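Just so you know, we're using the working numbering here: the sequence shown kicks off at 293 and counts up by one. One structure below.
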Amino acid sequence: MFPRERPRRLRATDSLRTLVAETRLSAAQFIYPVFVKHGQNRQDPIRSMPGIFQWSVDTLIPHLSEVYSAGVRAFLFFGIPAQKDALGHEAYAADGIVQRALQQVREALPDAILIADLCLCEYTDHGHCGVLRGERVNNDATLDLLAKTAVAQARAGASMVAPSDMMDGRVQAIRRALDAAGFEETPIMSYAAKYASGFYGPFRDAAENTPTFGDRRAYQMDPANAREALKEVLLDIDEGADLVIVKPALPYLDVLHEVREEVLVPVAAYQVSGEYAMIEAAVQQGWLERERVVMETLIAIKRAGADLIITYWALQASRWLNG
Ligand code: PBG
Numbered sequence: 293m294f295p296r297e298r299p300r301r302l303r304a305t306d307s308l309r310t311l312v313a314e315t316r317l318s319a320a321q322f323i324y325p326v327f328v329k330h331g332q333n334r335q336d337p338i339r340s341m342p343g344i345f346q347w348s349v350d351t352l353i354p355h356l357s358e359v360y361s362a363g364v365r366a367f368l369f370f371g372i373p374a375q376k377d378a379l380g381h382e383a384y385a386a387d388g389i390v391q392r393a394l395q396q397v398r399e400a401l402p403d404a405i406l407i408a409d410l411c412l413c414e415y416t417d418h419g420h421c422g423v424l425r426g427e428r429v430n431n432d433a434t435l436d437l438l439a440k441t442a443v444a445q446a447r448a449g450a451s452m453v454a455p456s457d458m459m460d461g462r463v464q465a466i467r468r469a470l471d472a473a474g475f476e477e478t479p480i481m482s483y484a485a486k487y488a489s490g491f492y493g494p495f496r497d498a499a500e501n502t503p504t505f506g507d508r509r510a511y512q513m514d515p516a517n518a519r520e521a522l523k524e525v526l527l528d529i530d531e532g533a534d535l536v537i538v539k540p541a542l543p544y545l546d547v548l549h550e551v552r553e554e555v556l557v558p559v560a561a562y563q564v565s566g567e568y569a570m571i572e573a574a575v576q577q578g579w580l581e582r583e584r585v586v587m588e589t590l591i592a593i594k595r596a597g598a599d600l601i602i603t604y605w606a607l608q609a610s611r612w613l614n615g
């Protein structure tokens with residue numbers, strides 16, 4: 293009898309397709325990145341990321357309350373400091389921009405998950421992710437500053453810290469410093485497999501962290517390597533990472549999948565600024581349908597193995613999911 297198999301039977305209606313869907317998205321698994329700066333009443337557009345803004349703390353709070361109401365519980369903070377210097381002092385100052393934002397958002401949204409991105413590149417005048425020795429980033433000298441930053445962020449009310457610098461040994465240095473300061477309950481979400489990617493381009497407008505010379509290839513990973521991503525992830529877990537991030541997302545679904553198969557901790561994927569910008573640009577041209585393609589990328593990232601998704605579309609996607 294032909295045909296015995298008719299897979300189309302289960303595709304006939306929307307209800308049937310929803311019933312048998314293998315992968316589902318939930319706003320509870322989104323993490324929304326935000327850019328915060330000094331001043332008042334600021335909501336400055338980011339040229340290469342239409343719909344995304346740099347906020348002052350007073351405008352950020354109502355915005356995050358709105359995102360929270362849509363079902364997104366976790367926010368990832370990036371800071372634009374008042375002053376940059378060779379050692380990135382504002383990253384670990386008690387009154388640094390991210391620390392101020394954490395304190396005030398914590399008061400407004402006591403149950404929100406406030407994740408502090410932990411890196412020096414927004415705070416250094418040279419734009420690299422650590423302390424320089426000549427034209428090289430000095431790994432071990434950077435670790436102390438990262439550890440100090442983690443403690444300052446935890447003191448300010450961070451629910452988690454997320455090191456994105458790609459220095460060797462930083463998870464262990466941060467874990468030790470947090471424990472010594474009494475923050476043994478603060479998890480570390482490590483950007484374990486972070487590639488040296490051209491897709492971070494628009495983020496440089498957003499966070500104003502373009503290196504003044506060279507690039508980040510001497511510390512971020514080579515896109516050619518997948519095995520090495522597993523090595524980085526396993527090392528970070530061994531040093532104490534509670535969650536790990538693969539970044540970017542869509543061009544690295546193979547890596548995401550392998551990491552999900554290999555480890556026991558939650559895995560997050562970071563859908564980065566360039567992934568956002570290229571779809572938004574095509575949508576502006578009328579060449580792609582926003583909701584359809586954004587949801588397709590998110591489901592693809594989830595299907596590949598992400599437990600959590602860091603995405604600039606967190607608010608819109610949650611609204612689409614809520615119908
Ligand atoms: C900072 C950092 C970057 C991103 C997150 N943290 C930029 C970089 O490493 O150059 C990129 C995020 C994005 O592109 O959305 N270390």
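All C-beta atoms, glycine included, are put in the ideal place defined by N, C-alpha and C. Remember, it's a predicted structure, so these values are computed and weren't measured experimentally.
Judged by DSSP secondary structure, LEU438 falls within the alpha helix (DSSP H) whose first and last residues are 431-447. A buried status is given to LEU438, since no fewer than 16 other beta-carbon atoms sit within 10 Å of its beta-carbon. Residues ILE529, ALA533, ASP534, LEU535, VAL536 of the same chain have their beta carbon placed closer than 8 Å to that of VAL557, with the five preceding and five following residues left out of the count. Using a 10 angstroms sphere on the CB of ALA378, the tally of other CB atoms stays under 16, which defines it as exposed.
Sequence-distant partners of MET513 (beyond 5 residues in either direction) whose C-beta falls short of 8 Å from its own C-beta, in its chain, are MET458, ALA485, LYS486, TYR487, ALA488, GLU520, ALA521, GLU524. Annotation for GLY493: the continuous alpha helix (DSSP H) segment containing it runs 493-499. The DSSP-derived three-state label of ALA454 is strand. DSSP places VAL328 within a strand segment (E or B) once states are collapsed to three. Positions of the alpha helix (DSSP H) runs, each at least 4 residues long and wholly inside the region 296-329, are given as 306-311 in order along the chain. Counting along the chain, the unbroken alpha helix (DSSP H) around ALA606 starts and ends at 606-614. For VAL397, the uninterrupted alpha helix (DSSP H) run begins and ends at 389-400, by DSSP.
Residue pairing of PHE367 in beta bridges, as defined by DSSP: TYR324, LEU406.
Excluding residues up to 5 positions away in sequence, ASN333, ARG334, GLN335 lie with their Cβ nearer than 7 Å to the Cβ of THR351 in the same chain.
Going by DSSP, VAL538 is part of the beta strand (DSSP E) stretching over 535-539.
Within the model, the alpha-carbon separation for ASP599 versus LEU435 is close to 29 Å. Taking the Cβ atoms as the reference, ILE480 lies roughly 12 Å from VAL443, outside the contact range of under 8 Å. The ligand PBG approaches GLY566 closely enough that one of its heavy atoms is under 7 Å from the residue's Cβ. In this model, GLN375 and PHE495 are separated by some 19 Å (Cα to Cα). Taking the Cβ of ASP409 as the reference point, at least one heavy atom of the ligand PBG falls within a distance shorter than 7 Å. Taking C-beta atoms as the reference points, GLN445 and LEU412 fail to come closer than 8 Å. Contact between VAL359 and ALA606 holds, since their C-beta atoms are separated by about 7 Å, short of 8 Å.
Remark: the shortest separation between the CB of SER361 and any heavy atom of the ligand PBG does not fall under 7 Å. Annotated as proximal: PHE327 and ILE372, with beta-carbon spacing under 8 Å. The three-state secondary structure of VAL525, taken from DSSP, is helix. With a cut-off of 8 Å on Cβ pairs, the region 492-506 is not in contact with the region 461-472, counting fewer than three such pairs.
Look at PHE505: its beta carbon is at least 7 Å from all of the heavy atoms in the ligand PBG.
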